[in-house]
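Undergrad:
There are 2 protein chains.
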Amino acid sequence: MPYKIGIILGSTRTHSNSEGILKYFTSSIIPTPNHSDTSSESELRSNTQSQFESESNSGSEVKPEIEFEIIHLNQSPGHPLPLLLDEVIPQAHPKDHVLLPQSYSDPSIQKWSETVEGWDGVLILTPQYNWGYPAPLKNALDHLYHEWTGKPFALITLGGHGGSKVHDQLLTVLEGGLKMRSIDKSRHVQIILPREFITSSERVKGDEEWLCAYKEQLEGLVDALKLAVEEKKR
Amino acid sequence: MPYKIGIILGSTRTHSNSEGILKYFTSSIIPTPNHSDTSSESELRSNTQSQFESESNSGSEVKPEIEFEIIHLNQSPGHPLPLLLDEVIPQAHPKDHVLLPQSYSDPSIQKWSETVEGWDGVLILTPQYNWGYPAPLKNALDHLYHEWTGKPFALITLGGHGGSKVHDQLLTVLEGGLKMRSIDKSRHVQIILPREFITSSERVKGDEEWLCAYKEQLEGLVDALKLAVEEKKR
Numbered sequence: 001m002p003y004k005i006g007i008i009l010g011s012t013r014t015h016s017n018s019e020g021i022l023k024y025f026t027s028s029i030i031p032t033p034n035h036s037d038t039s040s041e042s043e044l045r046s047n048t049q050s051q052f053e054s055e056s057n058s059g060s061e062v063k064p065e066i067e068f069e070i071i072h073l074n075q076s077p078g079h080p081l082p083l084l085l086d087e088v089i090p091q092a093h094p095k096d097h098v099l100l101p102q103s104y105s106d107p108s109i110q111k112w113s114e115t116v117e118g119w120d121g122v123l124i125l126t127p128q129y130n131w132g133y134p135a136p137l138k139n140a141l142d143h144l145y146h147e148w149t150g151k152p153f154a155l156i157t158l159g160g161h162g163g164s165k166v167h168d169q170l171l172t173v174l175e176g177g178l179k180m181r182s183i184d185k186s187r188h189v190q191i192i193l194p195r196e197f198i199t200s201s202e203r204v205k206g207d208e209e210w211l212c213a214y215k216e217q218l219e220g221l222v223d224a225l226k227l228a229v230e231e232k233k234r
Numbered sequence: 001m002p003y004k005i006g007i008i009l010g011s012t013r014t015h016s017n018s019e020g021i022l023k024y025f026t027s028s029i030i031p032t033p034n035h036s037d038t039s040s041e042s043e044l045r046s047n048t049q050s051q052f053e054s055e056s057n058s059g060s061e062v063k064p065e066i067e068f069e070i071i072h073l074n075q076s077p078g079h080p081l082p083l084l085l086d087e088v089i090p091q092a093h094p095k096d097h098v099l100l101p102q103s104y105s106d107p108s109i110q111k112w113s114e115t116v117e118g119w120d121g122v123l124i125l126t127p128q129y130n131w132g133y134p135a136p137l138k139n140a141l142d143h144l145y146h147e148w149t150g151k152p153f154a155l156i157t158l159g160g161h162g163g164s165k166v167h168d169q170l171l172t173v174l175e176g177g178l179k180m181r182s183i184d185k186s187r188h189v190q191i192i193l194p195r196e197f198i199t200s201s202e203r204v205k206g207d208e209e210w211l212c213a214y215k216e217q218l219e220g221l222v223d224a225l226k227l228a229v230e231e232k233k234r
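Residue numbers (UniProt numbering), protein chains in the order written: chain A, 1 to 234; chain B, 1 to 234.
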């Protein structure tokens, strides 16, 4: 069984910088065995999964592959999720992971619960909106509780200053609120967006030269997330 | 013209503790001239407005009355708002306050823009979810920009520890992100919810004796918000 990592995009905009960064990420950072740079277009559809072999794979030791599942909060199956209307908070749902998904009244939340239950780790790729996290991302987080607890997570934040505020606030929510496990904190990546990608209609395409400056950091983030997942599995 | 204050409830739950706190607030803190404690039930409908004369009204000086407009993010007219899908960020919309509302493509956001444009100040009454702000509240904030800037705001947060995390994160978003004006920071109110109101299905009704401990603080918050609005009007 390969490890499964969920990638959640915080932006629900049709044309977003997050999409461009995701494109760079899937084409340059997590190459698949049968995959060239030019074939990366097909990976950007909703819920596309890509696989690659562990880079630390060496000699006779065979480490599990990693599979990525991309969640677009506006268009992946089961999304967008409804507002939080339930009388009972997710924390009060049964901890039993078999009973958990069916304990929600709304079918889309049941599906979201099953999806997250199937992940070994989470990567959140999000812009900063008004010095905070986007609403659809928080909505997706707040619908569940036991599905998140203990799960390793990594952050890629985008903003004029690298999204330092959304980075800080998400750390508080994920570690403090949801009891998830941060990867080595120095490995979260803050991408400084050039001004024109924020205020104009221009969006990151994913092939810009300035993105290469983040290659090493992004590879380090993936390694750290793999390590955190492996540590949890032990 | 009376001053107009918008009260935004951060919870979208049908039976929420925020409703109970709002009930206490409208019945005990902002009494109307023709208003007794027992008639407060009728004030809890969506978008109910209540008026009261400025408490600092004295002698020949007649100060403006204050009118409150309550926004339930799940059921007030124009709500719930859609997800953030627009290509252009709200900050890039025209600053001209006449052109502003019609510059949004979605009618519900146009209406939201008009509503907030009509306010002199904002009071946010919100629970803390997973050490952060609720998604519907952030969604309502992120759809607008120029409508918020410069506007005085006050916070009432609820939580097992008074919602100190949602208080901190909202201060960052409102002051830093949206350039709003906090009232005297010592006047925001953090209400410590007894545990049973968080984990069980029991909800604050608004007539609990322990709420009286917050009366003075809540009156101080209203005074501070009135003062901030008056200062801005000068």
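Note that the Cβ used here is the ideal one computed from N, Cα and C, for glycine as well. In this text the structure is predicted, and so the values were computed from the model without any measurement.
1. Hey, could you find the ends of the beta strand (DSSP E) B/Q190 is sitting in?
2. Since B/T172 and A/G162 are thought to touch, with beta carbons under 8 Å apart, how far apart are those beta carbons, to the nearest angstrom?
3. Any C-beta of chain A sitting closer than 8 Å to the C-beta of residue 247 of chain B?
4. At a Cβ cut of 9 Å, what residues of the stretch 186-212 of chain B count as close to chain A, listed as they run along the chain?
5. Just to confirm my understanding: we take A/K4, look at its own chain, exclude 5 residues before and 5 after, and list those with CB closer than 7 Å. What are they?
6. CB-CB under 6 Å to A/G220, same chain, minus the five flanking residues each way: which ones, in chain order?
7. Are the Cβ atoms of A/P127 and A/G159 separated by less than 8 Å?
8. Look up residue 239 of chain B in the DSSP assignment and say whether it is helix, strand or coil.
9. Kindly indicate if chain B contains any beta-carbon less than 8 Å away from that of A/R13.
10. Just the C-alpha distance for B/I130 and A/E209, rounded to the nearest angstrom, thanks.
11. Would you list the residues sitting across from B/F153 in a DSSP beta bridge?
12. Listed from N- to C-terminal order along the chain, which residues in the stretch 140-174 of chain B have their beta-carbon within a distance smaller than 7 Å of any beta-carbon of chain A?
13. Mind checking the stretch 123-142 of chain B against chain A and listing, in chain order, the residues whose C-beta falls within less than 9 Å of any C-beta there?
14. Applying the 10 Å Cβ sphere with the 16-neighbour rule, what's the burial state of A/S201?
15. At a CB-CB cut-off below 7 Å, which residues of chain B make contact with A/V116?
16. Can you find a CB in chain A that lies within less than 8 Å of the CB of B/E69?
17. Note down the Cα distance separating A/S42 from B/E87, rounded to an integer number of angstroms.
18. Would a check of beta-carbon distances place B/L221 closer than 8 Å to chain A?
19. Apart from the five residues just before and just after A/Y214, which ones in its own chain have a Cβ nearer than 7 Å to its Cβ?
20. Roughly how many whole angstroms lie between the Cα atoms of A/I109 and B/L170?
21. Could you give the distance in angstroms between the alpha-carbon of A/S60 and the alpha-carbon of A/W148?
22. Straight-line CA distance for A/D168 to B/K232?
23. Going along the stretch 66-96 of chain B in order, which residues come within less than 8 Å of chain A, judged by CB to CB distance?
24. So residue 238 of chain A contacts chain B; which residues on that side make the cut at Cβ distance below 9 Å?
25. Please state if the CB of A/L73 and the CB of A/L9 are separated by a distance shorter than 8 Å.
26. With DSSP as the reference, label A/I8 as helix, strand or coil.
27. Of all the options A/L225, A/L83 and A/G206, which has the alpha carbon lying nearest to the alpha carbon of A/E19?
28. Below 7 Å on C-beta distance, what does B/L178 contact in chain A?
29. What residues in its chain sit with their C-beta under 8 Å from that of B/L84, if we drop five residues either side in the sequence?
30. Closest to B/Q91 by C-alpha separation, out of B/H15, B/K179 and B/I7, would be which residue?
TA: By the coordinates alone:
1. In the second sequence, the residue the question calls residue 190 of chain B occupies position 190. It spans V189 to I192 - the beta strand (DSSP E) in which B/Q190 sits, taken as one unbroken run.
2. Taking the second sequence and counting its residues from 1, the one referred to as residue 172 of chain B is at position 172. Taking the first sequence and counting its residues from 1, the one referred to as residue 162 of chain A is at position 162. Wrong, their Cβ atoms sit about 16 Å apart, outside the cutoff.
3. The shown model of chain B, from 1 to 234, leaves out residue 247 of chain B, and the question about it has no answer.
4. I198, T199, S200, S201 and R203
5. Position 4 of the first sequence, counting from 1, holds the residue named residue 4 of chain A. Hits under 7 Å: E67, E69, G118, W119 and D120.
6. As a position in the first sequence, residue 220 of chain A is number 220, starting the count at 1. Counting only Cβ-Cβ distances below 6 Å, and skipping sequence neighbours, we find R187.
7. Counted from its first residue, the first sequence places residue 127 of chain A at position 127. Counted from its first residue, the first sequence places residue 159 of chain A at position 159. Contact flag set, yes.
8. Examination of residue 239 of chain B is not possible in this model, given that chain B is present from 1 through 234 alone.
9. The residue given as residue 13 of chain A occupies position 13 in the first sequence. So, interface residue.
10. Here residue 130 of chain B refers to the residue found at position 130 when the second sequence is read from its first residue. Here residue 209 of chain A refers to the residue found at position 209 when the first sequence is read from its first residue. The amino acid occupying residue 130 of chain B in the given sequence is Asn; Ile does not appear at that position. Using only the alpha carbons, I get a separation of about 38 Å.
11. Reading the second sequence from its first residue, position 153 is the one you call residue 153 of chain B. B/F153 is bridged to B/V122 and B/S182.
12. Cβ contacts with chain A: L141, D142, K165, Q169, T172 and V173.
13. Q128, Y129, N130, W131, G132, Y133, P134, A135, P136, L137, K138, N139, A140, L141 and D142
14. Looking up residue 201 of chain A in the first sequence gives position 201. Burial call: exposed.
15. To locate residue 116 of chain A, count along the first sequence from 1; it is residue 116. Listed by position along chain B, the residues whose Cβ is nearer than 7 Å to that of A/V116 form an empty set, because the closest Cβ is around 14 Å away.
16. Translated into positions along the second sequence, residue 69 of chain B becomes position 69. Taking Cβ atoms only, chain A never reaches closer than 8 Å to B/E69, which makes this a no.
17. Stepping through the first sequence from its first residue, residue 42 of chain A is reached at position 42. Stepping through the second sequence from its first residue, residue 87 of chain B is reached at position 87. Legend: pLDDT at A/S42 = 38, less than 50; position of this residue unreliable, value from coordinates given subsequently. Distance between A/S42 and B/E87, taken at the CA atoms: about 23 Å.
18. The residue you call residue 221 of chain B lines up with position 221 of the second sequence. Not an interface residue.
19. Your numbering for residue 214 of chain A matches position 214 in the first sequence. These residues qualify, in order along the chain: V189 and I191.
20. Sequence index remark: in the first sequence, residue 109 of chain A carries index 109 (1-based). Sequence index remark: in the second sequence, residue 170 of chain B carries index 170 (1-based). A/I109 and B/L170 have their alpha carbons spaced roughly 27 Å apart.
21. On the first sequence, residue 60 of chain A is found 60 positions in, with the first residue counted as 1. On the first sequence, residue 148 of chain A is found 148 positions in, with the first residue counted as 1. Model confidence at A/S60 stands at a pLDDT of 45, short of 50, so the residue's coordinates are unreliable; what they give is reported in the following sentence. Their Cα atoms are separated by approximately 34 Å.
22. As a first step, residue 168 of chain A must be located in the first sequence, where it is residue number 168. As a first step, residue 232 of chain B must be located in the second sequence, where it is residue number 232. A/D168 and B/K232: Cα-Cα distance of roughly 32 Å.
23. Listed by position along the chain: L73, N74, P80, L83, L84, L85, D86, E87, V88, I89, Q91 and A92.
24. The first residue shown for chain A is 1 and the last is 234, placing residue 238 of chain A beyond what the model contains.
25. Taking the first sequence and counting its residues from 1, one reaches residue 9 of chain A at position 9. Taking the first sequence and counting its residues from 1, one reaches residue 73 of chain A at position 73. Going by C-beta atoms, A/L9 is nearer than 8 Å to A/L73.
26. What you label residue 8 of chain A is simply residue 8 of the first sequence in a count that begins at 1. Correct three-state label for A/I8: strand.
27. Here the question's residue 19 of chain A lines up with position 19 in the first sequence. For the residues A/L225, A/L83 and A/G206, the minimum Cα distance to A/E19 belongs to A/G206.
28. Against the second sequence, residue 178 of chain B aligns to sequence position 178. At a C-beta separation below 7 Å, B/L178 has these neighbours in chain A: N130.
29. Counted from its first residue, the second sequence places residue 84 of chain B at position 84. So the qualifying residues of the chain are N139, D142 and H143.
30. For this step, residue 91 of chain B is matched to residue 91 along the second sequence. Comparing alpha carbon positions, the residue from B/H15, B/K179 and B/I7 closest to B/Q91 is B/K179.
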